[in-house]
Amino acid sequence: MNAKKLAGLAALALILFFVIAQPGNAAGLVNNVIGFLREAAEAVITFVSNIFS
(Lines of atoms letter the chains of each structure in order from A and count residues from 1; the text may use other names and numbers.)
(Lines give C-alpha, C1' and ligand atoms only; values in the text may rest on other atoms or scores of the structure.)
Protein backbone atom coordinates (compact mmCIF):
# COMPACT_ATOMS: atom_id res chain seq x y z
CA MET A 1 0.00 0.00 0.00
CA ASN A 2 1.54 3.29 -1.02
CA ALA A 3 1.78 6.33 1.23
CA LYS A 4 -0.76 8.41 -0.74
CA LYS A 5 -3.47 5.77 -0.42
CA LEU A 6 -2.67 5.26 3.27
CA ALA A 7 -2.85 9.00 3.93
CA GLY A 8 -6.22 9.17 2.16
CA LEU A 9 -7.63 6.33 4.21
CA ALA A 10 -6.33 7.90 7.42
CA ALA A 11 -7.94 11.24 6.51
CA LEU A 12 -11.24 9.51 5.73
CA ALA A 13 -11.12 7.67 9.06
CA LEU A 14 -10.51 10.92 10.95
CA ILE A 15 -13.38 12.65 9.15
CA LEU A 16 -15.75 9.78 9.89
CA PHE A 17 -14.69 9.76 13.53
CA PHE A 18 -15.27 13.52 13.79
CA VAL A 19 -18.73 13.25 12.19
CA ILE A 20 -19.76 10.34 14.42
CA ALA A 21 -18.27 11.71 17.66
CA GLN A 22 -19.35 15.34 17.26
CA PRO A 23 -22.09 15.72 14.66
CA GLY A 24 -23.07 19.21 15.81
CA ASN A 25 -19.54 20.53 15.43
CA ALA A 26 -19.20 18.77 12.07
CA ALA A 27 -22.39 20.44 10.83
CA GLY A 28 -21.13 23.82 12.03
CA LEU A 29 -17.85 23.28 10.22
CA VAL A 30 -19.66 22.41 6.99
CA ASN A 31 -21.81 25.55 7.35
CA ASN A 32 -18.70 27.67 7.86
CA VAL A 33 -16.99 26.19 4.79
CA ILE A 34 -20.09 26.69 2.64
CA GLY A 35 -20.42 30.28 3.88
CA PHE A 36 -16.77 30.95 3.06
CA LEU A 37 -17.16 29.51 -0.43
CA ARG A 38 -20.31 31.57 -1.01
CA GLU A 39 -18.57 34.78 0.06
CA ALA A 40 -15.57 33.98 -2.14
CA ALA A 41 -17.84 33.36 -5.14
CA GLU A 42 -19.68 36.63 -4.52
CA ALA A 43 -16.35 38.48 -4.36
CA VAL A 44 -15.26 36.97 -7.68
CA ILE A 45 -18.60 37.87 -9.27
CA THR A 46 -18.31 41.44 -8.00
CA PHE A 47 -14.75 41.69 -9.30
CA VAL A 48 -15.67 40.41 -12.76
CA SER A 49 -18.76 42.63 -12.87
CA ASN A 50 -16.65 45.69 -12.07
CA ILE A 51 -14.14 44.80 -14.79
CA PHE A 52 -16.78 44.51 -17.51
CA SER A 53 -19.02 47.40 -16.49
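Per this note's numbering, the sequence shown starts with residue 3, numbered consecutively.
For every residue, glycine included, the Cβ atom is placed at its ideal position computed from N, Cα and C.
Residue state for F54 is assigned as coil, using DSSP reduced to three classes. Counting only the Cα atoms, A29 lies some 16 Å from L14. Secondary structure at N4: coil, using DSSP grouped into helix, strand and coil.
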